[in-house]
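Student:
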Amino acid sequence: MKDKFGLDIAHYVFLPSFAEDALYKTTGQKIELFTDDNMYLFCEKGFREGISMVSNHQVKANNPQCPDFVLETEEAMKKFYTWLLYVDANALYTGAMMQSMSTGGHRWIMPEETSDLFNKITKWEISDNAEKDYILEVDLDYLYKLHKAHTLYPLASENIEISKEKKNFVKPEGESKKFKKLVADPSYKSHKILAENLVGISRHQSKAKLSKPIFIGISVLDEIPGKFKDESCGTAMWKFCRPRPKLYSYILANEKTNQKAKGIQKVVVKKEPYS
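One gets our numbering by counting positions in the sequence shown from 1 and adding 140 to each.
#1: To which residues does DSSP link K263 through a beta bridge?
#2: Spell out a yes or no on whether the stretch 371-390 and the stretch 224-235 are touching, meaning 3 or more CB-CB pairs, one atom from each, closer than 8 Å.
#3: Could you round the C-beta distance between S359 and I191 to whole angstroms and report it? I think they count as a contact, below 8 Å.
#4: Going by alpha carbons, who is nearest to Y388 out of D148, R188, S195 and L147?
#5: Return the bridge partner residues of L387 from the DSSP annotation.
#6: When DSSP builds the beta bridges, which residues end up paired with Q198?
#7: Tell me, to the nearest whole angstrom, how far the beta carbon of F158 is from that of L147; I am working on the premise that it is less than 8 Å.
#8: Given this structure, state the Cα-to-Cα distance separating E271 from A393, to the nearest angstrom.
#9: Which term fits A324, buried or exposed, when burial requires 16 or more other beta carbons within 10 angstroms of its beta carbon?
#10: Can you give, in chain order, each stretch of the alpha helix (DSSP H) that sits fully within the stretch 221-304 and has at least 4 residues?
#11: Determine which residues share a DSSP beta bridge with L338 and list them.
#12: Between V407 and R382, what straight-line distance do the alpha-carbon atoms span, to the nearest angstrom?
#13: Mind checking which residues open and close the alpha helix (DSSP H) that includes K165?
#14: Helix, strand or coil for F209, going by three-state DSSP, please let me know.
#15: Are there 16 or more other CB atoms within 10 angstroms of the CB of I266, so buried, or fewer, so exposed?
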């Protein structure tokens, strides 16, 4: 690493920080950070994080490749054909970071420019490798006829933080002066009673250093992945059971099974059959 990049990896705690310095040193690229705190907060609102959900807990395919499929008349059965497909998006972050990214020159759009920008967007005149990119905050009209179909997985989901202190606030008896002082502090976030004389305090970060290109982070997370892998390797899937996220099992048309349970040892998971 030192011979190739001229950097001593022993001076870094995590590999991403080493990779960032190697990027700047090898490419000579300069990143212009935000000087407007409103721009930083604007981008910060755009982080939606991931979505982990289960829409159907158990499904079963019905097609000629399934072991229990009964063929009647072909015309009658075609309309009842159902297939299951299990795909995984590969290299989400690395694939996005290989595309064009913003490096500086940030400014707010003037009101008189919005009309022209809207026309460019609706006519798909802004290419993926355009010299200028845009980060937009928009109001969307969600058609009522789509509400039922999109209930489990809506488009343009919003990241909303639920206030725990409003739901679970319990005033402890015999409050100490230290507890009162911490609650009155502007950095106070919430608290939890752990024992009769023990209270845990959660606090907001009192000082934030805005020294990272957050606009690149939001761009990476919003890129659309281009490569998908078929997890069943071309074999039709017969049954799929998923009680909760990160916990599922399935059986293929050739009756081979596979099960996953995050946080549980693989040797234990393998002993459990499909159910």
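Using N, Cα and C, we set each Cβ at its ideal position, and we do this for glycine too.
Only a predicted model underlies this, so the values are computations on that prediction, with no experimental measurement involved.
Tutor: Here's the rundown:
#1: Answer is none; K263 lacks a bridge partner.
#2: yes
#3: With a Cβ gap of about 19 Å, S359 and I191 do not count as contacting.
#4: S195
#5: R384 and A401
#6: C381
#7: 6 Å
#8: 49 Å
#9: exposed
#10: 232-237 and 254-262
#11: A335
#12: 19 Å
#13: L155 to T167
#14: coil
#15: exposed
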